[in-house]
DNA sequence: GTACGCAATAGTGTATGCAATATGGTGATA
DNA sequence: TATCACCATATTGCATACACTATTGCGTAC
């Protein structure tokens, strides 16, 4: 029996495991909005003690995926329409800024690589596989952020994407995939043509476009249909 | 003797105290860049045990004020020119976006209140009191963020401001206060005059203006002169 | 003098225990 | 029936203990 398979695994693995697992649950709302976390129960489930568990919970609280209240402990964040609206507005400014930097800094070859990616995935993907659609969407946007050469913008975008993951997923059930894809291609094509401002405008419009409907949906509570206790929501299939 | 004055104080106070104190030290680089944190020593100094201390350290790590490495523990973040540059670029896009929302959402009375604040503090303040100058500068920018009615933009700005606090402080030693103040007033005046795009342009220029010099200074290492072990740096006077 | 190995020490990662607080249920009272 | 008080239980906040890893200093070999 190898050392890795022992009960006591590598030092540092406990916090890491707890962090990764709970992050996933908060991101997808496998933990329901406002649901309180029972430390003993969760610790047992994840095979760690309360100490590393709480370290992970503190990290996730700082990332706005959980909330904390003294003597009441940790809970899942709420699903709040105004918060989502604000995040989309922030994302709008951020991604416009990213496109601006990409225009200054990315090479033609790098942009063509993105365009190839968009063409390949457009052909090969099943548009009813929502997890995959969301993943591809996020990959495009984070790829652009990477080409901006600005790590802080990339990390900020990743943080936003984690927090809006669920909403994006629900929104995908109602979005024409070809429109989204087309806008992605337009952004890159404008950049290849040296039309930075046009690229920025498309990106801004691309993000703004569905904001109103998303917020409306959240206000009416439709999104909660997808907040499940088990296996029907986003990315909880294994 | 009241209960509050007992040795064991309110539940939740340990993490809070550690968090606040260490945050201050990392923000001002009272902890020097890359300096390792000795948990036992720090816990003793702050009168808490390692458990709440590590919870605070995990929070601060998630906020990018500390770094973490398994089996080596926590250290203060580095002072890195590229990171500061990236943060300023991010701040540029963010604050331009904030001005855009303020133009849409703030009332005339609210804007005049800001203008009053700028006039009052311009007259009353001692321009050699750098801590106060930085505080006033941050207050203006965060006030605008508040008027944007977008909490996520405000929180993101606060996070950036915490991380660039030190650089701002050093930069203040070299900046004409009246120029800064004048630009702040211009932004608000343009907004009062209904010239949103002009306000955005001034804000963008206001932030960009000193970026090159700041990064140059950091590359040359001048800023490290102010990284002290005791009382000569920013906001460590008590 | 330098490089290496090794032992002693220091420091981190995690489990556990205990005290303080919150929660939930039961019965008494209006 | 609704409300309140009170107690038992559940849960959190923090301190501490212990095992494992990193670091440091010293002696030995070259």
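Protein chains in written order, with the numbering used here: chain A, 9 to 246; chain B, 9 to 246.
All C-beta atoms in this analysis are idealised placements derived from N, C-alpha and C, irrespective of residue type, glycine included.
Source: prediction; values computed, not measured.
Assigned with DSSP and collapsed to three states, residue 164 (chain A) falls in helix. Inclusion of residue 58 (chain B) and residue 27 (chain B) in the CB contact set at 8 Å is not warranted, their separation being larger than that value.
By the C-beta density criterion, residue 96 (chain B) is buried, having at least 16 other C-beta atoms within 10 angstroms. Of B:158, B:165 and B:137, the smallest CA-CA separation from residue 178 (chain B) is found for B:137. Interface criterion met: the Cβ of residue 70 (chain B) is under 8 Å from a Cβ in chain A. Secondary structure of residue 22 (chain B) (DSSP, three-state): helix. Put simply, of A:133, A:54 and A:157 the residue whose alpha carbon is nearest the alpha carbon of residue 105 (chain A) is A:157. Within the segment 158–190 of chain A, the residues whose Cβ lies closer than 7 Å to any Cβ of chain B are, in chain order, 158, 159, 160, 161 and 164. Taking 9 Å as the Cβ-Cβ cut-off, the segment 44–72 of chain A approaches chain B at 59, 62, 63, 64, 65, 66, 67, 68, 69, 70, 71 and 72, given in chain order. Between the alpha carbons of residue 148 (chain A) and residue 112 (chain A) lies a distance of about 18 Å. Just so you know, the alpha carbons of residue 88 (chain B) and residue 242 (chain B) end up roughly 18 Å apart. Within chain A, the C-beta atoms nearer than 7 Å to that of residue 78 (chain B) come from 19 and 20, in chain order.
Taking each of B:108, B:78 and B:30 in turn and checking the Cα distance to residue 56 (chain B), the smallest one comes out for B:30.
Under the 8 Å criterion on CB atoms, residue 87 (chain A) is classed as non-interfacial with respect to chain B. At least 8 Å separates the beta-carbon of residue 211 (chain A) from that of residue 187 (chain A). Across the structure, residue 235 (chain A) and residue 84 (chain A) are spaced so that their CA atoms are roughly 12 Å apart. If you keep only unbroken alpha helix (DSSP H) runs of at least 4 residues inside the segment 143–208 of chain B, you get 159–180 and 185–200.
One Cα belongs to residue 174 (chain B), the other to residue 70 (chain A), and the distance between them is close to 22 Å.
By the beta-carbon neighbour count (other beta carbons within 10 angstroms, threshold 16), residue 116 (chain A) is exposed.
Note: residue 105 (chain A) is not bridge-paired with any residue in the DSSP secondary-structure output. With fewer than 16 other CB atoms across the displayed protein chains lying within 10 angstroms of its CB, residue 184 (chain A) is exposed. By alpha-carbon distance to residue 24 (chain A), the top candidate from A:35, A:43 and A:54 is A:54. Under the three-state reduction of DSSP output, residue 75 (chain A) falls in the strand class. Residues 210 and 214 of the same chain have their beta carbon placed closer than 7 Å to that of residue 191 (chain A), with the five preceding and five following residues left out of the count. Counting C-beta atoms within 10 angstroms of its own C-beta, residue 216 (chain B) has fewer than 16 neighbours from the protein chains shown and is therefore classed as exposed. Distance from the CA atom of residue 228 (chain A) to the CA atom of residue 77 (chain A), rounded to whole angstroms, is 28 Å.
In this structure, residue 153 (chain B) and residue 141 (chain B) do not form a Cβ contact; the two beta carbons are roughly 19 Å apart against a cut-off of 8 Å.
DSSP, reduced to helix, strand and coil, places residue 37 (chain A) outside both helices and strands of the structure shown, so it counts as coil. Scanning its chain for C-beta atoms nearer than 7 Å, with the 5 sequence neighbours on each side dropped, one finds around residue 135 (chain B) the residues 141 and 185, in chain order. In terms of Cβ geometry, residue 207 (chain B) and residue 107 (chain B) form a close pair [threshold 8 Å]. Looking at the backbone, the Cα of residue 132 (chain B) and that of residue 193 (chain B) are separated by about 16 Å.
Taking 7 Å as the Cβ-Cβ cut-off, the segment 213–224 of chain B has no residue approaching chain A. For residue 150 (chain B), the CB contacts under 8 Å within the same chain, skipping 5 residues up- and downstream, are 162, 165, 166 and 169 in chain order. Beta-carbon to beta-carbon, residue 19 (chain B) and residue 79 (chain A) are separated by about 6 Å, close enough to satisfy the 8 Å threshold. Residues of chain A whose Cβ lies closer than 8 Å to the Cβ of residue 94 (chain B) are, in chain order, 158, 159, 160 and 161. As the crow flies, the alpha-carbon of residue 82 (chain A) is around 14 Å from that of residue 60 (chain A).
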